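With numbering that gives the first Met the number 0, letter number 79 in the sequence shown gets 78, and the count goes up by one each step, no holes.
Worksheet: one structure, shown below.
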Amino acid sequence: MPLYNRRSEAPVPAPPAPLGLAELLGRVRLALHRQFPESYWVVAEVADLTKPRFAGGHCYLTLTEQATDERGQPAKAQARATLWSQRYQQVVPAFEAHTGQPLRPGLRLLLRVQLRFHEQYGLSLDVLALDPSYTVGELARQRLLALQTLEIKGLLERQKRLALPLAPQRLAVISSPTAAGFQDFVRQLEEAPYDFALTLFPAMMQGDEAPASIRGALDAVRGRRAQFEAVVIIRGGGSKTDLLAFDDYGLAAAVGAFPLPVLTGIGHERDEALADLTAHRALKTPTAVAAFLVERLARVDGLLHHLATEIRAAAGHHLRQHNAHLDRLTARGRAA
0 MPLYNRRSEA PVPAPPAPLG LAELLGRVRL ALHRQFPESY WVVAEVADLT
50 KPRFAGGHCY LTLTEQATDE RGQPAKAQAR ATLWSQRYQQ VVPAFEAHTG
100 QPLRPGLRLL LRVQLRFHEQ YGLSLDVLAL DPSYTVGELA RQRLLALQTL
150 EIKGLLERQK RLALPLAPQR LAVISSPTAA GFQDFVRQLE EAPYDFALTL
200 FPAMMQGDEA PASIRGALDA VRGRRAQFEA VVIIRGGGSK TDLLAFDDYG
250 LAAAVGAFPL PVLTGIGHER DEALADLTAH RALKTPTAVA AFLVERLARV
300 DGLLHHLATE IRAAAGHHLR QHNAHLDRLT ARGRAA
């Protein structure tokens, strides 16, 4: 083809000028601010948190939610969140007073949050408010579900069908050796006129690790169950939040399935924990457990004393009858 008929090629467009990372992330920040200028109520679960270690400190949370993606596949949403110091002091004490729960991992929350994006630290949420009524309802729903599961598995009644000995004296005690409730329990039994053989299986009685610690103590008792007539789980009094371990489903199920009768006295006056509901007998306090055991032995002691009195009376009566009969026989012999 002649050179004068060749079409000129279209010029290749120049690539756009590159953006600096700071400029790109700055545009992201501005876009998010324009798109999400308000605060929003969000439901999420606390996966982790760091509470302030000193007055004026901030609270840092990791929030998660199990969801599904556009294809219906399981997906996990996760975000960092912050309760700044002043907001923390306003919001958290009221939340804990209303719910009876500490702000902790595992709680589902309804939070009012505002999106924040920082070029260096990325996306995060500022927590502006917590709705305690939502958490109370969620905790009640979870507790009801646990109760229904325990009932379906027969664990609410299994312990009740076990026979507690008339005078249980060989006791496995699960408690903290430094707890005032344990010391009160021991002192009350020592002051009673009966001999109790107590074996302590130490366990943590509050905190996140308490349910697993108490289950471990139950496992230790199980391996030596021939040595005991009953198990006693006791702890001193405390706030409602200190008793959360005993509302743990795994612990309640372990108590309900245990082969020996379990007595609980975990230091609360009004509410029954799940572990109380699955135990053979739930009493309010450690001293109430001690009083129950002493009274049980006192009844047996009284019954034995009454039987001994009746036996002595019956023996005396029969002896007198026998002597009278011998006297009559002797008299007849002499008369003959």
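Cβ atoms here follow ideal geometry from the backbone N, Cα and C, with glycine treated the same way.
For clarity, every value in this text was computed on a predicted model and none was experimentally measured.
Burial check for VAL185: the Cβ neighbour count within 10 Å reaches 16 or more, so the residue is buried.
Each of ARG169, THR98, ASP47 was checked against the Cα of GLU137, and the nearest Cα belongs to THR98. Counting along the chain, ALA43 sits inside the beta strand (DSSP E) bounded by residues 39 to 49. Going by beta carbons, THR63 and GLN100 fall outside the 8 Å limit. The beta-carbon distance between LEU124 and LEU114, rounded to whole angstroms, is 6 Å. This is short enough to meet the 8 Å contact definition.
Assigned with DSSP and collapsed to three states, GLN77 falls in strand. DSSP places HIS32 inside the alpha helix (DSSP H), whose first and last residues are 20 to 34. With contacts defined by Cβ atoms closer than 8 Å, VAL220 and VAL230 form a contacting pair. Rounded to the nearest angstrom, the Cβ distance from LEU188 to VAL293 is 7 Å, consistent with a contact under 8 Å. Beta-bridge annotation (DSSP): ARG107 is paired with GLU44.
Taken in chain order, the unbroken stretches of alpha helix (DSSP H) that lie wholly in the stretch 164 to 227 and span 4 residues or more are 179 to 190, 209 to 221. One thing to note: ARG214 has its Cβ no nearer than 8 Å to the Cβ of ALA178. In terms of CA proximity to PHE257, GLU228 leads the group GLN205, TRP40, ASP246, GLU228. With contacts defined by Cβ atoms closer than 8 Å, VAL112 and ALA80 form a contacting pair.
Between ARG86 and VAL126, the gap from beta carbon to beta carbon is short of 8 Å. Taking 8 Å as the cut-off, the Cβ atoms of PRO192 and SER175 do not count as close. ALA272 and HIS32 have their alpha carbons spaced roughly 46 Å apart. Around the Cβ of VAL90, a 10 Å sphere holds 16 or more other Cβ atoms; the residue is buried. Straight through space, the alpha carbons of PRO104 and PHE35 are spaced by roughly 27 Å. Taking C-beta atoms as the reference points, THR286 and ASP183 count as a pair closer than 8 Å. If you draw a 10 Å sphere on the C-beta of HIS117, you find fewer than 16 other C-beta atoms in it, and that means exposed.
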